[in-house]
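Peer 1:
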């Protein structure tokens, strides 16, 4: 309790003022908990001072309320910035943090092992999570709640495991009516995790603060509705801080259209990163680079003339071109072999997964489980 009070005073959490006329004081209380270490042992006893918000009267003590939550990519960006300055952080929100001369390493190893134990897969044989499914394949899976809970846990695991983003996004499409086949696909992801539960992200000081984006799309990749999958990743200072694997909302009529929609979504993320860095006082030395492996999409971006084949994606085109003309971003071609966003658009085989993971700074610093 003394440590908590000292921290509140040190951080200037409040300012003493006179009570306004007609107002009542909101009381406070202590909440106690036991903080666990990454190994599962007791780390320390924690006391937190909280306000009795439930005693407030709407309209008198407060108006509209909201509770802002930090975007996970913001946390990763701050870790990248603090790669050589961070203090003794070890564990937060189920994420383990290890620090060395190489940089900051974050993982969810204990979280993975807990899920493996829960699903009785601690002794399973590791496999690659390569599956292609469609709605209605196989017999209905009776325990829908169990399917949703496990997929939800895997979704949180993608905070430090970009390599499973596509697979988790894929099985998330069947939350309403999962089948036995879909459940087996989820179990396959678990078996893949068994191969390296300690995989995580390494953030290093690479001597620059450049923001770079990679964007890709798997045209008509869905067997059920032929919609495409957008995939992108954003790197700051050579460290991956944001990524996404998402099925597009509409059917693309060409690969160029699918790629351009992905380019527009990635541009939005780049703009958000630029704005956040600006608020943190980190200026960019020049335009942000956006890499892709589709020449047709690059030609559309640089060609100021629309025609019938591109009119239906005119809004996305205008948006990307506006950022190109204002020198906020520049586009560049990258070979398919060096397309880091490839892992977010389709299921890949082991060697290809390992290659991209290495490029993204995904490593395993733990001994095999």
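Numbering (the numbering used here), first residue to last: 56 to 424. Even glycine gets a Cβ: it sits at the ideal position worked out from N, Cα and C. Just so it is clear, the structure is predicted and the values come from calculations on it, not from any experiment.
(1) Which residues in the same chain as residue 164 place their Cβ atom closer than 7 Å to its Cβ, once the five residues preceding and following it in sequence are excluded?
(2) Determine the direct distance from the alpha carbon of residue 416 to that of residue 156, and round the result to whole angstroms.
(3) In chain order, which continuous runs of the alpha helix (DSSP H) of length 4 or greater are located wholly inside the stretch 340 to 420?
(4) At the level of alpha carbons, what is the spacing between residue 219 and residue 213?
(5) Figure out for me which residue from 118, 110, 86 has the closest Cα to the Cα of residue 104.
(6) Apart from the five residues on each side of it in sequence, which residues of its chain come closer than 7 Å, Cβ to Cβ, to residue 395?
(7) Would you call the CB atoms of residue 279 and residue 221 closer than 7 Å?
(8) Distance, Cα to Cα, residue 176 vs residue 322?
(9) According to DSSP, is residue 56 helix, strand or coil?
(10) Which term fits residue 204, buried or exposed, when burial requires 16 or more other beta carbons within 10 angstroms of its beta carbon?
(11) Excluding the 5 residues flanking residue 183 on each side, which residues of the same chain have their C-beta closer than 7 Å to its C-beta?
(12) Only counting the same chain, and skipping five residues up and downstream in sequence, which positions put a Cβ closer than 7 Å to that of residue 309?
(13) If you count every other CB in all the chains shown that lies within 10 Å of the CB of residue 361, and 16 or more means buried, which is it?
(14) On a CA-only basis, which of 58, 382, 89 is nearest residue 99? Give me that one, please.
(15) Pull up the CB-CB distance for residue 346 and residue 267, whole angstroms please, since I reckon it's below 8 Å.
(16) Measure from the alpha carbon of residue 378 to the alpha carbon of each residue in 392, 337, 418, 329, then state which is nearest.
(17) Beta-carbon within less than 6 Å of residue 284's beta-carbon, same chain only, minus the 5 sequence neighbours each way: which residues are those?
(18) State the CB to CB distance for the pair residue 397 and residue 319, rounded to an integer number of angstroms; the pair is presumed to be in contact (CB under 8 Å).
(19) Which residues in the same chain have their Cβ closer than 6 Å to the Cβ of residue 229, if we skip the five residues on either side of it in sequence?
(20) For the beta strand (DSSP E) containing residue 150, list its first residue and its last residue.
(21) Using the C-alpha atoms, what's the distance from residue 259 back to residue 408?
(22) Start and end of the alpha helix (DSSP H) containing residue 220?
(23) Please confirm whether residue 331 and residue 343 have their CB atoms less than 7 Å apart.
(24) Jot down the residue ranges of each uninterrupted alpha helix (DSSP H) in the stretch 59 to 138, minimum 4 residues, whole runs only, in chain order.
(25) Suppose contacts are defined by Cβ-Cβ distances below 7 Å. Is residue 271 in contact with residue 286 by that definition?
(26) Name the DSSP beta bridge partners of residue 291, please?
(27) I need the straight-line Cα distance from residue 130 to residue 419, nearest angstrom please.
(28) Any idea what DSSP makes of residue 316, helix, strand or coil?
(29) On the three-state DSSP scale, how would you describe residue 195?
(30) Use the C-beta contact count for residue 334: other C-beta atoms within 10 angstroms, 16 or more gives buried, fewer gives exposed.
(31) Span of the alpha helix (DSSP H) holding residue 171?
(32) Report the CB separation of residue 381 from residue 255 in whole angstroms; it is logged as a contact under 8 Å.
(33) Between the Cα of residue 58 and those of 290, 101, 206, spot the shortest distance and give me the residue it belongs to.
(34) How is the alpha helix (DSSP H) around residue 243 delimited, first residue to last?
(35) When you compare each of 216, 73, 261 to residue 158 by their alpha carbons, which one comes out closest?
(36) Does DSSP put residue 208 in a helix, in a strand, or in coil?
Peer 2: On the basis of the supplied data:
(1) Once the five neighbours on either side are set aside, the close Cβ partners of residue 164 are 151, 252, 253, 421.
(2) 15 Å
(3) DSSP runs (the alpha helix (DSSP H)) wholly in the stretch 340 to 420: 350 to 357, 369 to 380, 405 to 415.
(4) 6 Å
(5) Here the closest residue by C-alpha is 86.
(6) 269, 288, 411, 414, 415
(7) no
(8) 40 Å
(9) coil
(10) exposed
(11) Cβ neighbours of residue 183 beyond the five flanking positions: 247, 404, 405.
(12) none
(13) Note that residue 361 scores a pLDDT of 49, beneath 50, so its modelled location is shaky and nothing firm can be said.
(14) 89
(15) 7 Å
(16) 329
(17) 273, 276, 302, 400
(18) About 19 Å separates the two Cβ atoms, so there is no contact after all.
(19) 237
(20) 150 to 154
(21) 21 Å
(22) 220 to 226
(23) no
(24) 127 to 136
(25) yes
(26) 266, 294
(27) 21 Å
(28) helix
(29) strand
(30) exposed
(31) Residues 164 to 173.
(32) Your pair residue 381 and residue 255 does not check out as a contact, with CB atoms roughly 37 Å apart and the cut at 8 Å.
(33) It is 101.
(34) 235 to 250
(35) 261
(36) helix
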